[in-house]
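**Student:**
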Amino acid sequence: MDEQSFHRTLHPMQRAGGTLLDIGAHDGEFTRPFAALAAVAGSRVLAFEPLPSAFARLAAQTWPAHVELRREALGDHMGEITLTLPVVEGVAQEQWASTAKGYAQHAGVAEQRHRVPLITMDSLNLTDLTHVKLDAEGGEYEVLRGARETLSRCRPVLSIEIEERHRPGATWSVPAYLDALGYDAFWEWWGDWQPMAGFDRARLHQANPDPSVFEAARDYVFVFYFLPREHAVAMLAALRAAEAR
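For what it's worth, this note's numbering labels the leading residue of the sequence shown as 31, then goes sequentially.
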């Protein structure tokens with residue numbers, strides 16, 4: 031099951047008319063299926079993409095009225111932040127754009143920097159958040175720190191890309207933070223849903239942090255799923271049933 035199927039499977043179990051967040055929307059690959067899920071009265075999608083070049087491509091597309099595109103980055107405070115892209119052989123590697131780190135330590139890698147607006151999720155004052163997809167290239171912990179009140183109030187389901195190559199320790203710190211907020215963490219392997227406690231990082235999560243070297247383990251798991259503990263049993267059963275079909 032992929033990320034989109036995760037959200038699609040659980041969408042009927044969420045409140046009607048909710049808000050879906052695509053954090054790190056890039057070209058809209060996830061925004062589009064979120065828009066389809068939200069195509070009912072009262073539902074909406076907020077798509078956040080702070081990288082100017084990616085936002086321009088996102089904004090050039092045609093979107094339904096219930097999709098709102100936002101230029102801000104999300105984090106744990108309000109203001110501005112530097113978004114850094116590695117540049118390899120003259121080509122900016124947009125998929126590595128990060129507010130959490132730089133790349134100057136890697137030989138042959140230049141940097142492109144942008145100052146971008148920064149807000150917290152809590153500043154949005156959402157009361158109906160149902161789904162979150164988060165891909166922030168190492169900035170996930172700060173995004174979640176700035177979302178504490180929202181997550182406690184709304185109890186959305188989350189899919190999060192977490193990679194040690196972007197933020198050492200992140201596969202421990204992010205699940206631990208969400209555990210304290212009452213979320214159970216899972217990873218999926220060929221239809222088998224496993225708790226985070228059983229994740230074998232040495233086998234399933236090895237990748238080179240140098241953007242000029244595209245190396246990762248053959249079996250590389252980097253998307254993790256978080257369910258509100260009070261609904262985790264029922265939601266996990268729905269996910270497993272969907273896998274079995």
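From the three backbone atoms N, C-alpha and C, an ideal C-beta is built for every residue, glycine too.
A quick note: this is a predicted structure, and the numbers were derived from the prediction, not measured.
Does DSSP put A237 in a helix, a strand or coil?
**Tutor:** strand
**Student:** Does the distance from the CB of P116 to the CB of P241 come in under 8 Å?
**Tutor:** yes
**Student:** Taking DSSP as the reference, what is the three-state secondary structure of S83?
**Tutor:** helix
**Student:** Compare the beta carbon distance of E124 and L81 with 8 Å and say whether it is the shorter of the two.
**Tutor:** yes
**Student:** Excluding the 5 residues flanking R87 on each side, which residues of the same chain have their C-beta closer than 6 Å to its C-beta?
**Tutor:** D57
**Student:** Name the DSSP beta bridge partners of R74, please?
**Tutor:** For R74, DSSP records a beta bridge to T49.
**Student:** Could you tell me the alpha carbon to alpha carbon distance between L234 and V251, rounded to whole angstroms?
**Tutor:** The alpha-carbon of L234 is positioned some 6 Å away from that of V251.
**Student:** For the alpha helix (DSSP H) holding Q140, just list the boundary residues, first then last.
**Tutor:** Note that residue 140 is Ala in the sequence shown here, rather than Gln. Careful: A140 lies outside any alpha helix (DSSP H), inside the beta strand (DSSP E) at 139-149.
**Student:** Which same chain residues end up closer than 7 Å to A134 when comparing Cβ atoms and leaving out the 5 residues on each side of it in sequence?
**Tutor:** Closer than 7 Å at the Cβ level, and outside the excluded window around A134, lie E141.
**Student:** Pairs of beta-carbons, one from the stretch 199-214 and one from the stretch 243-250, closer than 8 Å: are there three or more?
**Tutor:** no
**Student:** Answer with buried or exposed for Q44, where buried requires no fewer than 16 other C-beta atoms within 10 angstroms of its C-beta.
**Tutor:** buried
**Student:** Beta-carbon separation of A166 and I53 under 8 Å?
**Tutor:** yes
**Student:** Taking DSSP as the reference, what is the three-state secondary structure of D32?
**Tutor:** coil
**Student:** Do three or more CB pairs link the stretch 147-163 to the stretch 182-193 at distances below 8 Å?
**Tutor:** yes
**Student:** What are the boundary residues of the beta strand (DSSP E) that D214 is part of?
**Tutor:** 213-219
**Student:** Between the alpha carbons of L40 and A271, how many angstroms are there, rounded?
**Tutor:** Whole-angstrom Cα-Cα distance: 11 Å.
**Student:** From W217 to F36, what does the alpha carbon distance come to, in whole angstroms?
**Tutor:** 11 Å
**Student:** Nearest CA to the CA of T112: which residue from V75, G132, P94?
**Tutor:** G132
**Student:** Between A103 and V146, which are expected to be in contact by the criterion C-beta below 8 Å, what is the C-beta distance as a whole number of angstroms?
**Tutor:** That belief holds up - the Cβ atoms of A103 and V146 are roughly 5 Å apart, short of 8 Å.
**Student:** Hey, how far is the Cα of M151 from the Cα of G138?
**Tutor:** 36 Å
**Student:** Could you tell me how far apart the beta carbons of E193 and M31 are, in whole angstroms, since I believe they sit closer than 8 Å?
**Tutor:** 20 Å between Cβ atoms; not a contact.
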